[in-house]
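For the record, in the sequence shown the residue sitting at position 165 is 288 according to the working numbering, with numbers rising by one throughout. To start, the structure itself, in structure tokens.
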Amino acid sequence: MKIIITTCRRPSRRLRSFVKDLVRVLPGSIRITRGKQSLEDLASLALSLDANLVIIVDALKGNPGRLRFVKVYRYSYELVPFKVIISGVKLIREIPLSDIPTEVRSEVIATYEGASDKVNVLCEKLADLLNFPYIEVKSLNELKGAADIIMWIVPSRRDLARIEFVNGRSSNIAGPIIRVKKVIT
């Protein structure tokens with residue numbers, strides 16, 4: 124499954140860097156410069172590239188503020204009624220000792236057993252949209268070697284959750300850290 128990741132129409136530098144970081148850790152993803160393209164134009168571009176999903180990263184005060192998802196079908200497209208509101212991100216360049224694999228072929232979404240219902244909804248919806256397996260585990264060590272990248276979704280005190288992209292072999296951070304404020308379904 125191919126995924127197109129793009130930005131709002133006038134992205135900041137930080138937003139463009141965030142999209143580049145996401146493309147590095149999501150298998151089968153392609154970065155597209157949006158420019159003045161409408162949703163319909165993005166959907167037709169996705170169809171020509173054999174992509175099933177478009178992720179649009181919107182800005183809030185120059186920072187990544189929201190993730191929107193567009194499912195692309197053969198003759199139509201659908202803006203998915205699921206939005207991830209972001210309260211903050213930490214880019215790869217801001218994380219010391221980040222360990223990005225050279226090629227990402229597999230990914231799994233994981234969270235702690237007994238996480239809150241809202242965190243489980245976030246995990247299940249992302250797993251459904253991105254077509255990744257979803258697992259609940261007691262600790263991250265149980266998943267070592269399970270995939271190239273582990274999308275580790277951890278409940279947070281300040282926000283709803285924190286999404287960390289972890290290298291499946293070394294268990295070091297491999298991608299941006301996303302603080303999820305809330306999920307709109």
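Positions of the beta carbon are idealized from the N, C-alpha and C atoms, including for glycine. Just so you know, these numbers come straight off a predicted model, no measurement behind them.
For this session: Determine the DSSP secondary structure at D164, reduced to helix, strand or coil.
Result: helix
For this session: Tell me whether S293 is buried or exposed, calling it buried when 16 or more other Cβ atoms sit within 10 Å of its Cβ.
Result: exposed
Exercise. Does DSSP put K194 in a helix, in a strand, or in coil?
Worked result: strand
Problem set entry | Inter-stretch contact (C-beta, 8 Å, three-pair minimum) for the segment 291–308 and the segment 205–218 | In short, these stretches touch, since the Cβ pair count reaches three.
Problem set entry | Three-way DSSP call (helix, strand, coil) for R285 in this model | strand
Problem set entry | Outcome for N321 when other beta-carbon atoms lying within 10 angstroms are tallied against a minimum of 16 | With the chain running from 124 to 308 in the structure shown, residue 321 is simply not present.
For this session: Give the DSSP-derived three-state secondary structure of V227 in the structure shown.
Result: coil
For this session: Determine, using beta-carbon pairs with one atom in the segment 220–236 and one in the segment 253–272, whether at least three such pairs fall under 8 Å.
Result: yes
Exercise. When the Cα atoms are used, what is the spatial distance from V148 to G158?
Worked result: 24 Å
Exercise. From which residue to which residue does the beta strand (DSSP E) around R136 run?
Worked result: Premise fails: R136 lies in the alpha helix (DSSP H), R136 to V148, not in any beta strand (DSSP E).
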